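Working notes, structure below.
Numbering (the working numbering), first residue to last: 2 to 339.
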């Protein structure tokens, strides 16, 4: 089990400066643990208890308004400082690591500092059209940076069978840069990268965007890259580098009741589709039918499922007032290595 009672203390009396503090106590129990010295998983229960104190200071906030013909622009600068103290966790090495919360390091103080620039536009209604934020974290324990899930590149290496952390110890996290732009209410895009101040290189890059055209088209796409950095452990092995593209689009015929969806994940480094999905459907007042085809390519991954490729074909029917029925004869295809 896992319980986390939390008390929060917001202070928002001043519009230009806010304080949000919290104190929490976490108690987690595992039915199994890791044997000391061997790291073998044994049927010995273990529990973990620790306190977490944090406060987030936003401000002082600086604002400037620009009056343009037909539109008003508002520029906001928001410095932030977040302080966090985690009490000691003496049995960290004996905890079975199942998710990100199991990698929390104790006896450490974190200070995350940064600044965010926001640009608002007001014509009929006010909305944010651009934001740019830069942040970094300092840790009193140089081992804590490896496990901070705030940063995409600071986690343990999932390709290592024993979960070995290959990143070098550091009191500083990478510098995270996040950009979000929304030129219209129907379109937006985001960009994130993390810069290593010791290796002087970008560790990871990610970008995504979406577009909506009335009620007949919804589309989104994304790109992510984990870079090869020769002078930084955990990034100096070309096998750990990655480059992926994903996209999906849904088309609907307004007032016609039919439409379709296509999505894919593509591995640029290996020049192959990881998965693809096609869906077509038709719905009327009395009933509906949907057809779905999926293909998966597991070659070159760490998944041990016994097949290289998998193809699936699904059919579902809907009857008004009754419900939906899918795969009456089972899923066509399934675990097929073809």
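Idealized CB from N, CA, C, for every residue including glycine.
As the structure is a prediction and not an experimental result, all values here were calculated from the model.
CA-to-CA, the gap between residue 146 and residue 168 works out to about 9 Å. Between residue 244 and residue 226, the gap from beta carbon to beta carbon is short of 8 Å.
Under the three-state reduction of DSSP, residue 68 is assigned to strand. Note on residue 67: under 16 other CB atoms within 10 angstroms of its CB, so exposed under the neighbour-count rule. If you draw a straight line from the Cα of residue 6 to the Cα of residue 26, it comes to about 6 Å. No residue range can be given for residue 287, since it is assigned to no beta strand (DSSP E) and is classified by DSSP as neither H nor E. For residue 275, the CB contacts under 6 Å within the same chain, skipping 5 residues up- and downstream, are 266, 268, 298 in chain order. Collapsing the DSSP output to three states places residue 148 in a helix. Residue 311 and residue 300 have their alpha carbons spaced roughly 11 Å apart. By the criterion of a C-beta distance shorter than 6 Å, residue 21 is surrounded in its chain by 11, 57, once the five residues flanking it on both sides are discounted.
Fewer than three beta-carbon pairs drawn from the region 64–84 and the region 93–108 are found closer than 8 Å, and the two stretches are therefore not classed as touching. In this structure, DSSP gives residue 231 a state outside helix and strand, which the three-state scheme calls coil. Three or more beta-carbon pairs drawn from the region 307–326 and the region 278–287 are found closer than 8 Å, and the two stretches are therefore classed as touching. Of 47, 29, 28, 24, the smallest CA-CA separation from residue 35 is found for 47. Residue 197: member of the beta strand (DSSP E) spanning 188–197, first to last residue.
Under the three-state reduction of DSSP output, residue 80 falls in the strand class. For the set 143, 78, 126, the Cα lying nearest the Cα of residue 117 is the one of 78.
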